[in-house]
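For the protein sequence lines, the chains are S and L, in the order given. Here my numbering is used: the first residue of the first sequence is 1442, the next is one more, and so on. Here my numbering is used: the first residue of the second sequence is 922, the next is one more, and so on. Glycine included, each C-beta is placed from N, C-alpha and C at the ideal position.
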Amino acid sequence: MQQVMDFEHKQSAHCENGVVSNMLKYHGISLSEPMVFGIGSGMFFSHMPFLKVGRIPVTSFRPLPGIIFKRTSKRLGLTFEKKKFSDPRKAMEALDQNLSQGIPTGMLVGVYHLSYFPAPYRFHFNAHNIVAFGKKNDQYQISDPIMDHVEQLTYDQLQKVRYAKGVFAPNGHMYWLSEKPKEIPLEQAILKGIRQTCKHMLEIPVPLFGANGIKYLSKKIRKYPDKLGPKKAAAYMGQIVRALEEIGTGGAGFRYMYGAFLQEAAGVLNNPKLEALSLDITAIGDQWREFAIITGRIVKNRNKATESYGAAADLLLEISKEEKTFFKKLKMAIAS
Amino acid sequence: MKTKDVPQDNANLMEGKFQEPVYSLDEDGNYTTVRSVGWDPKNAVMLHAWEEVNERIEEVRQKVLDGQLSPLAFYMEKNIMDTSLVGKYMGFWSFKVKRHLKPKRFNKLSRQTLEKYADVFNLSVEEFTNIELLKKK
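Written out as structure tokens, the structure is:
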């Protein structure tokens, strides 16, 4: 097989948005990354002290992997065919078959064995999304939304990442667009996306999530230095900033991306209130960056004084209040 | 954040393989993306996380050389894995992997099992079982 589809690869900040955006583009639907993100209600906050990865509690600025994808396709009326395989060879066969029929195919993969990834970014994360859109000289042509350019993988390399093990093991999961409506219900989808984000940021009755979750985290980190000692406390703080900035958030834990979404949505819905709110969330994003700066200092000086923890906790408390106000305003802005 | 303020602090964490798009406002107040090579606070926490990993690898390496742990313990740590994850690649329960961390048990493993382990870490059995190799690293 020697064929490659005319697939336009565009880099994005986050893989899930990026794959959807790129695949839709191929099928003639032009939606930016922030649009996909906003419609899929991608912005979130959660802190789960009992759930640990690498011995560190999980803080996250997004919902579970796969959810943005699911919501976006549902709200836009798109149907994706999905398949999993227990036999790796069958998974590769099915992919080859798709490619020979000219269907760009999305896949879930683990990043640890992804050969083109820079080493410092390779850890056991199994919910990364890529698209294969052809095969040339026995190399699969891969559009990985994180990368600048199109990448190549051999049969063995691709099989290995499709069968990474551990949490969220992909089991060869692949998906492709099978049906689309004549016209996508863009305005409705945007409103649904915003409504759900407001609800999840304001109304989940467990204090680990949404704006209340940020307050909860603030309370926790105030006690970190006394409770954990300087070494462990620094490691815990570091994880928060990694979730906030490391790969895929577009800066400030998706807050900037959400600002971009609201700005675009303001145009589509002809609602100037959203334009103003876009600036509000941008300012909140700036505060998250400030939090990252304090944390960066804590991590660098981890063997010295412990006073910055108070400043970091104060800032989070402030952010929690601001996000609460923000989402109340946002809810009002689209109520009609 | 304004487009002109997007930091470009390079710590070579991306090894020149890509740059990350950061969303920011341009001079007309429109959102756009700027490609960034890094940001100090983020570089600091990433480097710190890897430092912690490397510290643990070094600890385990010493223990393997002292005969307290098997080479499996070293390669597990080096690949940032735990017994449960290694177990999933092997088709073993994690307690079985845990047993193989002891040199005594490890030395009794069949060639077949060793091959399977070595394969998980992308090594040959000879590389995998040769403790001498750990001395230079």
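For residue i, which residues of its own chain have a beta-carbon under 6 Å away from its beta-carbon, when the five flanking residues on both sides are left out?
{"i": "V1041/L", "result": "Y1010"}
{"i": "P1586/S", "result": "S1453, C1456, G1459, V1460"}
{"i": "S1761/S", "result": "A1652, I1655, K1656"}
{"i": "Y1697/S", "result": "G1691, G1726"}
{"i": "Y1581/S", "result": "A1573, L1594, L1599"}
{"i": "S1015/L", "result": "T1004, S1005, G1008"}
Between which two residues does the alpha helix (DSSP H) holding residue i run?
{"i": "H1641/S", "result": "1627 to 1643"}
{"i": "A1039/L", "result": "1032 to 1041"}
{"i": "I1725/S", "result": "1713 to 1741"}
{"i": "L1599/S", "result": "1596 to 1603"}
{"i": "I1052/L", "result": "Element bounds for I1052/L: n/a, residue is neither H nor E."}
{"i": "K1019/L", "result": "1015 to 1020"}
{"i": "I1480/S", "result": "1474 to 1480"}
{"i": "N1458/S", "result": "1456 to 1467"}
{"i": "T1004/L", "result": "1004 to 1011"}
{"i": "K1672/S", "result": "1651 to 1686"}
{"i": "Q1538/S", "result": "1529 to 1541"}
{"i": "Q1704/S", "result": "1696 to 1710"}
{"i": "L993/L", "result": "992 to 999"}
Identify, in the order they occur along the chain, each residue of the same chain with its Cβ nearer than 8 Å to the Cβ of residue i, setting aside the five sequence neighbours on each side.
{"i": "R1663/S", "result": "Y1750, G1751, A1754"}
{"i": "L934/L", "result": "G959, N964, M967, L968"}
Quick check on the DSSP output: the beta strand (DSSP E) that includes residue i runs from which residue to which?
{"i": "Q1758/S", "result": "It is Leu, not Gln, that sits at residue 1758/S in the sequence shown. Unbroken run through L1758/S is the alpha helix (DSSP H), 1749 to 1775; no beta strand (DSSP E)."}
{"i": "T1546/S", "result": "1546 to 1550"}
{"i": "V1494/S", "result": "1487 to 1494"}
{"i": "H969/L", "result": "Counting along the chain, H969/L falls outside any beta strand (DSSP E), though it belongs to the alpha helix (DSSP H) covering 961 to 986."}
{"i": "K1515/S", "result": "That residue, K1515/S, is in no beta strand (DSSP E); its alpha helix (DSSP H) goes 1508 to 1517."}
{"i": "K1023/L", "result": "Segment: none, K1023/L is in no beta strand (DSSP E) and carries neither H nor E."}
{"i": "H1569/S", "result": "1569 to 1577"}
Compute the distance between the beta-carbons of residue i and residue j, then report whether it is under 7 Å.
{"i": "F1521/S", "j": "P1545/S", "result": "no"}
{"i": "V1552/S", "j": "R1563/S", "result": "yes"}
{"i": "R1503/S", "j": "F1478/S", "result": "no"}
{"i": "V1647/S", "j": "T1736/S", "result": "no"}
{"i": "H969/L", "j": "V1740/S", "result": "yes"}
{"i": "F1695/S", "j": "P1475/S", "result": "no"}
{"i": "K938/L", "j": "P1559/S", "result": "yes"}
{"i": "K1525/S", "j": "H1614/S", "result": "yes"}
{"i": "Q1680/S", "j": "I1497/S", "result": "yes"}
{"i": "F995/L", "j": "R977/L", "result": "no"}
{"i": "V955/L", "j": "V974/L", "result": "no"}
{"i": "S1482/S", "j": "T1690/S", "result": "no"}
{"i": "S1501/S", "j": "A1684/S", "result": "yes"}
{"i": "I1619/S", "j": "L1757/S", "result": "Contrary to the premise, residue 1619/S reads as Ser rather than Ile in this sequence. No. Outside cutoff."}
{"i": "M1533/S", "j": "Q1600/S", "result": "yes"}
{"i": "K1621/S", "j": "L1519/S", "result": "yes"}
{"i": "I1722/S", "j": "G1708/S", "result": "no"}
{"i": "L1540/S", "j": "K1576/S", "result": "yes"}
{"i": "P1666/S", "j": "A1675/S", "result": "no"}
Let me know if residue i comes out buried or exposed under the rule of 16 or more other beta-carbons within 10 Å of its beta-carbon.
{"i": "Q1538/S", "result": "exposed"}
{"i": "T1766/S", "result": "exposed"}
{"i": "Q1729/S", "result": "The question names Gln, but residue 1729/S in the sequence shown is Trp. Per the 10 Å Cβ criterion, buried."}
{"i": "L1492/S", "result": "exposed"}
{"i": "Q1033/L", "result": "exposed"}
{"i": "Q929/L", "result": "exposed"}
{"i": "S1556/S", "result": "exposed"}
{"i": "S1527/S", "result": "exposed"}
{"i": "N1711/S", "result": "exposed"}
{"i": "F1013/L", "result": "buried"}
{"i": "N1742/S", "result": "exposed"}
{"i": "V1572/S", "result": "buried"}
{"i": "E998/L", "result": "buried"}
{"i": "M967/L", "result": "buried"}
{"i": "E941/L", "result": "buried"}
{"i": "S1471/S", "result": "exposed"}
Going along the chain, which residues of its own chain have a beta-carbon closer than 7 Å to the beta-carbon of residue i, five neighbours each way excluded?
{"i": "H1021/L", "result": "S991, L993, F1027, L1030"}
{"i": "L1649/S", "result": "S1487, H1488, M1489, Y1657"}
{"i": "I1001/L", "result": "V974"}
{"i": "K1019/L", "result": "T1004"}
{"i": "F1609/S", "result": "P1506, N1567, A1568"}
{"i": "S1584/S", "result": "F1448, H1450, N1463, I1571, V1572, F1574, V1591"}
{"i": "D947/L", "result": "T924, T953"}
{"i": "Y944/L", "result": "Y952, T954"}
Can you pull the chain C neighbours of residue i, defined as C-beta to C-beta under 8 Å?
{"i": "M922/L", "result": "Looking for chain C here will not work: the only protein chains present are S and L."}
Task: Where the segment 950 to 975 of chain L meets chain S: residues whose CB sits under 9 Å from a CB there - done: Going along the segment 950 to 975 of chain L in chain order, one finds G950, N951, Y952, T953, T954, R956, S957, W960, D961, P962, K963, N964, A965, V966, M967, L968, H969, A970, W971, E973, V974 with a Cβ nearer than 9 Å to chain S.
Open item on the list: Beta carbons nearer than 8 Å to chain L: which residues of the segment 1556 to 1578 of chain S have them?
Closed with: Taking 8 Å as the Cβ-Cβ cut-off, the segment 1556 to 1578 of chain S approaches chain L at Y1557, F1558, P1559, A1560, P1561, Y1562, F1564, H1565, given in chain order.
TODO: Give the residues from the segment 1493 to 1524 of chain S that approach chain L closer than 7 Å (Cβ to any Cβ), ordered along the chain.
DONE: Within the segment 1493 to 1524 of chain S, no residue qualifies.
- [ ] Select from the segment 1581 to 1612 of chain S all residues with a C-beta closer than 8 Å to any C-beta belonging to chain L, and list them in chain order.
- [x] Going along the segment 1581 to 1612 of chain S in chain order, one finds I1587, M1588, D1589, K1606, G1607, A1610 with a Cβ nearer than 8 Å to chain L.
Task: Residues within the segment 1447 to 1468 of chain S neighbouring chain L, beta-carbon criterion of under 7 Å - done: Under the 7 Å Cβ criterion, the segment 1447 to 1468 of chain S contributes Q1452, S1453, A1454.
Task: chain L contacts from the segment 1673 to 1687 of chain S (Cβ-Cβ distance under 9 Å) - done: For the segment 1673 to 1687 of chain S, the beta-carbon criterion of a distance under 9 Å to any beta-carbon of chain L is satisfied by A1675, A1676, M1678, G1679, Q1680, I1681, V1682, R1683, L1685, E1686, E1687.
- [ ] Check each residue of the segment 977 to 1002 of chain L: if its Cβ is closer than 9 Å to any Cβ of chain S, include it; give the result in chain order.
- [x] Taking 9 Å as the Cβ-Cβ cut-off against chain S, the residues of the segment 977 to 1002 of chain L that qualify are N1000, I1001, M1002.
TODO: Closer than 7 Å, Cβ to Cβ, to anything on chain L: give me those residues from the segment 1700 to 1721 of chain S, in chain order.
DONE: When C-beta distances to chain L are compared with 7 Å, the residues of the segment 1700 to 1721 of chain S below that value are G1700, A1701, Q1704, in chain order.
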